[in-house]
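Structure record follows, encoded as structure tokens.
Chains as they are written, first to last, in the numbering used here: chain A, 1 to 112; chain B, 1001 to 1112.
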């Protein structure tokens, strides 16, 4: 059974640019959550999608957005990148909320 | 004050030792408790998932949850060098769809 796949694995972007990250969940999983991981703040919840609907959102500015497609694949977008957006972005998939959640390997974003 | 506090470590033990990792929390709505293991530059790997209070054992790993004390633990028996990683506790509730709140992690080194 394939795990959670995140692409790309690494990204380098310039301040002010935008970026789109992709997450393919485990087959059959309908919930996808996104997290930002930094050394100073740890793992911080960004948002969660279930059946193409955003059900929950963390405390991040509106520059962070996401969507989910009918096949449960999800994307997150960060516009007007700032240096502080440099982080490991992780997605986790689960069958539904509060069932076991499995993480992908993450996308490491560096903003220069 | 953070909702989830994790013993910061780092922790260094000899091979074969019993390791105890601990977290406390303040939100009484948390009902689902997880432990993840994260190797450097990888995504978190789910080790244990428990609901409400009690113990759960899986091989060398035992998770304990004491909701009355708002305290959870992970015990690793017969620790191996391959257990060297950062361990993250995480918790979620029915009232916050798809969101897990994480501790900051404890870095464990098992010396041969």
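Cβ coordinates follow ideal geometry from the N, Cα and C atoms, glycine included.
Rounded C-beta distance between residue i and residue j? I'm assuming under 8 Å.
i: residue 164 (chain A); j: residue 109 (chain A); result: With chain A covering only 1 through 112, there is no way to say anything about residue 164 (chain A).
i: residue 38 (chain A); j: residue 112 (chain A); result: That pair is no contact at about 16 Å.
i: residue 54 (chain A); j: residue 47 (chain A); result: 6 Å
i: residue 171 (chain A); j: residue 4 (chain A); result: In the structure as shown, chain A begins at 1 and stops at 112. Residue 171 (chain A) is therefore absent and cannot be evaluated.
Check for me: the beta strand (DSSP E) holding residue i runs from which residue to which?
i: residue 1035 (chain B); result: 1032-1038
i: residue 1066 (chain B); result: 1061-1066
i: residue 111 (chain A); result: 107-111
i: residue 1014 (chain B); result: 1011-1014
i: residue 42 (chain A); result: 42-50
i: residue 1046 (chain B); result: 1045-1051
For residue i, which residues in chain B fall below 9 Å Cβ to Cβ?
i: residue 104 (chain A); result: 1043
i: residue 45 (chain A); result: 1096, 1098, 1099, 1100, 1101, 1102
Determine the chain B residues that contact residue i at a beta-carbon separation under 7 Å, and present them in chain order.
i: residue 56 (chain A); result: 1096, 1097, 1098, 1099
Which chain B residues are close to residue i, counting only those with a beta carbon under 8 Å from its beta carbon?
i: residue 50 (chain A); result: 1097, 1098
i: residue 90 (chain A); result: 1043, 1044
8 Å is my cut-off, CB to CB: does residue i come that close to chain A?
i: residue 1009 (chain B); result: no
i: residue 1092 (chain B); result: yes
i: residue 1088 (chain B); result: yes
Does residue i get closer than 8 Å to chain B when you measure Cβ to Cβ?
i: residue 98 (chain A); result: yes
i: residue 33 (chain A); result: yes
i: residue 101 (chain A); result: yes
i: residue 11 (chain A); result: no
i: residue 21 (chain A); result: no
Residue i versus chain A: which residues are under 8 Å apart at the beta carbon?
i: residue 1105 (chain B); result: 42
i: residue 1032 (chain B); result: 98
On the criterion of 16 or more Cβ atoms from any shown chain inside 10 Å, does residue i qualify as buried, or is it exposed?
i: residue 81 (chain A); result: buried
i: residue 7 (chain A); result: exposed
Determine the chain A residues that contact residue i at a beta-carbon separation under 9 Å, and present them in chain order.
i: residue 1049 (chain B); result: 99, 100, 101
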